[in-house]
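Protein chains: 2
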Amino acid sequence: MNCLDQARPLGAHAGCSHHVKGEDCRLCLVRPLSVCSALEPDEWASIEKISTDVRFEERDTVVREADDVVSLYTITAGVVRLVRTLHDGRRQLTGFALPGDFLGLSLERTWTFSIEAITPVTACRFGRASLMEYVDQKPHFLMRLHEMATHELSLAQDHMVLLGRLTAEEKIGAFLLELRRRWARIEGHASDHIPLPMGRQDIADYLGLTIETVSRTINQMQRAHHLVIVPDGVRLLNTAYFEQLCP
Amino acid sequence: MNCLDQARPLGAHAGCSHHVKGEDCRLCLVRPLSVCSALEPDEWASIEKISTDVRFEERDTVVREADDVVSLYTITAGVVRLVRTLHDGRRQLTGFALPGDFLGLSLERTWTFSIEAITPVTACRFGRASLMEYVDQKPHFLMRLHEMATHELSLAQDHMVLLGRLTAEEKIGAFLLELRRRWARIEGHASDHIPLPMGRQDIADYLGLTIETVSRTINQMQRAHHLVIVPDGVRLLNTAYFEQLCP
DNA sequence: GGTAAGGTTTGATCTGTATCAATGCGAGTC
DNA sequence: GACTCGCATTGATACAGATCAAACCTTACC
């Protein structure tokens, strides 16, 4: 039985996830981008054995900060946000995870951030214990995890520079170029059309700004003909402007 | 021959490093804190074979951003700063490395930040190629590297919250508590006396502030009797104040 | 079509931190 | 002791971005 066949209430409640029949790794569209790129074709069956496909609806919470890590995920479609919240409600997004991204690199016992679906999401779920066992048997898989973790670390350092030292205009510019690069990797070709599935508040919480400043800055860029705002995101008109803004 | 025995000019030139005779891993003071804590006593000889002790003077540059990674380091004494610089001179420190900290977690080809000695520093140096080989032979050593990398990632996310969402006062408070915790781990016991070997400008570049704001904030805390400024750092007087500032 | 709800944009004003400009102070040197 | 050099501190002022407040879409639903 496949839950996808059923009608489901919109805005499903937090934490809801639905198993779908384990998909065939041979057909996986994000494999080359994902942690599984470390595996040879003859290893696909072994990883398939410890994975399940799951689905989350828009606004679902996938995991909550401080929860025990039960499962780890590779996003196969859709976008999630990684959220840290302060006691008084201030939020900082530490990132957005796109198709191919792995959640749970740390192999630690508890989550240090919440994961919330921004769009409908499908993901490949691994039990923590089975994956730990798998890692023990396959050092090259651990090496791939480590490579992904240190790449994340390098991106985190980029983001520290952004948060600590860039102006609002530079932050927005760097954000758009980052997303363009990431979508290009996923789609296999660059495009000046940049989908922005996240809302303005999420962009603000990612860049350390307020929603008003994000809105004003993007609209100023539109008035200056550097980009146009389209229903699902933006389209860059003047790439040179963005590239000299964030050299 | 041991370079340490020789008189050396102060403020040695950038990049200068001096081999000292390979020290005995059995005597290593930072081993329990370092990547080597993953090794059993019978493995100490094998890691000693691929390591050399080196020394850097205050203000030496250990590695430069974008340089090829030739060696990796464990700090055994002293403090270094990790620096990212923008084309126009704006700086963001992504961290300070203290005794026990490992530099070069990523195993990538080039450095993504500069490393500069803040105090005289001794470090244990590993050739990149030999360490890669070592890692291939010892999966538990790779696991330890990965554990350290993901711990760094979690700290980087903490720092993103600090940079994006905390006020100047909260940033200084969080910084002092972070250093207190790290010195406590190194010294084996907590103390309200917090050495600050880095200058005000380094603190500012770490916290995304200016030197004036750092100075003003620390002096305001002194006037409010939350701490006293001592020659080599600060002493916390009112721990409760700091703890409720950064809950 | 009406209207409610959630997000976005725009305007007016405020403020925390940056910037600009001295001054202070300790360590090293002549 | 006097001078210099490299920070650190302090004060006056400016401004980028926050805050407060309202208007303006969309989309969904009756």
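Protein sequences, first through last, are from chains S and L. First residue of the first sequence: 1, per the working numbering; consecutive thereafter. First residue of the second sequence: 248, per the working numbering; consecutive thereafter. Ideal Cβ placement from N, Cα and C applies to all residues, glycine included.
I want to see whether chain S comes within less than 7 Å of residue i, judged by CB atoms only; does it?
{"i": "L/M407", "result": "yes"}
{"i": "L/L345", "result": "no"}
{"i": "L/Q339", "result": "yes"}
{"i": "L/S462", "result": "no"}
{"i": "L/G336", "result": "no"}
{"i": "L/A396", "result": "yes"}
{"i": "L/Q496", "result": "Any question about residue 496 of chain L goes unanswered here, given that chain L covers just 248 to 494."}
{"i": "L/Q384", "result": "no"}
{"i": "L/G207", "result": "Not covered by the structure: residue 207 of chain L. The range shown for chain L is 248 to 494."}
{"i": "L/T359", "result": "yes"}
{"i": "L/P367", "result": "no"}
{"i": "L/Q404", "result": "yes"}
Put residue i into one of helix, strand or coil per three-state DSSP.
{"i": "L/S281", "result": "coil"}
{"i": "L/D289", "result": "helix"}
{"i": "S/H146", "result": "helix"}
{"i": "L/R306", "result": "coil"}
{"i": "L/E490", "result": "helix"}
{"i": "S/E170", "result": "helix"}
{"i": "L/A376", "result": "helix"}
{"i": "S/P197", "result": "coil"}
{"i": "S/T110", "result": "strand"}
{"i": "L/L456", "result": "coil"}
{"i": "S/A215", "result": "Strictly speaking, residue 215 of chain S in this sequence is Ser, with Ala absent from that position. It is helical."}
{"i": "S/I47", "result": "helix"}
{"i": "S/D53", "result": "strand"}
{"i": "L/E270", "result": "coil"}
{"i": "L/Q253", "result": "Summary for L/Q253: the model assigns pLDDT 34, below 50, so the residue's position carries little reliability, and this model does not support an answer."}
{"i": "S/R64", "result": "coil"}
{"i": "S/A117", "result": "strand"}
{"i": "L/L483", "result": "strand"}
{"i": "L/L276", "result": "coil"}
{"i": "S/A184", "result": "helix"}
{"i": "S/A156", "result": "helix"}
{"i": "S/A204", "result": "helix"}
If you count every other CB in all the chains shown that lies within 10 Å of the CB of residue i, and 16 or more means buried, which is it?
{"i": "S/L29", "result": "exposed"}
{"i": "L/M468", "result": "buried"}
{"i": "L/A364", "result": "buried"}
{"i": "S/P231", "result": "exposed"}
{"i": "L/G336", "result": "exposed"}
{"i": "S/I229", "result": "exposed"}
{"i": "L/L251", "result": "Residue confidence is low: L/L251 scores 34 on pLDDT, short of 50, so the model does not pin down where it sits. No coordinate-derived value is stated."}
{"i": "L/V309", "result": "buried"}
{"i": "S/L131", "result": "buried"}
{"i": "S/Q92", "result": "buried"}
{"i": "S/A204", "result": "buried"}
{"i": "L/D449", "result": "buried"}
{"i": "L/V217", "result": "With chain L represented from 248 up to 494, any question about residue 217 of chain L goes unanswered, as that position is not in the structure."}
{"i": "L/D289", "result": "exposed"}
Who are the Cβ neighbours of residue i in its own chain at under 8 Å, not counting the five residues just before and after it?
{"i": "S/E243", "result": "L177"}
{"i": "S/H140", "result": "A38"}
{"i": "S/M148", "result": "V35, F102 and L105"}
{"i": "L/S438", "result": "R427, W430 and A431"}
Check the Cβ-Cβ distances between residue i and every residue of chain L, and say whether any is below 7 Å.
{"i": "S/S154", "result": "yes"}
{"i": "S/G208", "result": "yes"}
{"i": "S/R84", "result": "yes"}
{"i": "S/H146", "result": "yes"}
{"i": "S/T61", "result": "no"}
{"i": "S/L142", "result": "yes"}
{"i": "S/S106", "result": "yes"}
{"i": "S/Q201", "result": "no"}
{"i": "S/P247", "result": "yes"}
Who are the Cβ neighbours of residue i in its own chain at under 6 Å, not counting the five residues just before and after it?
{"i": "S/N238", "result": "H226"}
{"i": "L/L389", "result": "V382"}
{"i": "S/H189", "result": "none"}
{"i": "S/R200", "result": "I211, V214 and S215"}
{"i": "S/E77", "result": "Checking the sequence shown, residue 77 of chain S turns out to be Ala, not Glu. Around S/A77: P99 and T122."}
Going by beta carbon distance, what residues of the same chain come within less than 7 Å of residue i, once the five residues before and after it are set aside?
{"i": "L/K397", "result": "In the sequence under discussion, the amino acid at residue 397 of chain L is Thr, which differs from the Lys named in the question. Within the same chain, L/T397 has no close Cβ partners at all."}
{"i": "S/A156", "result": "none"}
{"i": "L/Y488", "result": "H473"}
{"i": "L/P444", "result": "V326, I365 and T366"}
{"i": "L/W291", "result": "C272 and R273"}
{"i": "L/F360", "result": "E312, L329, V330, R331 and T341"}
{"i": "L/S298", "result": "G269, C371, R372 and F373"}
Starting from the N-terminal side, write out each stretch of the beta strand (DSSP E) that is 3 residues or longer and does not extend beyond the stretch 313-354 of chain L. The qualifying runs are 318-324, 327-332 and 338-344.
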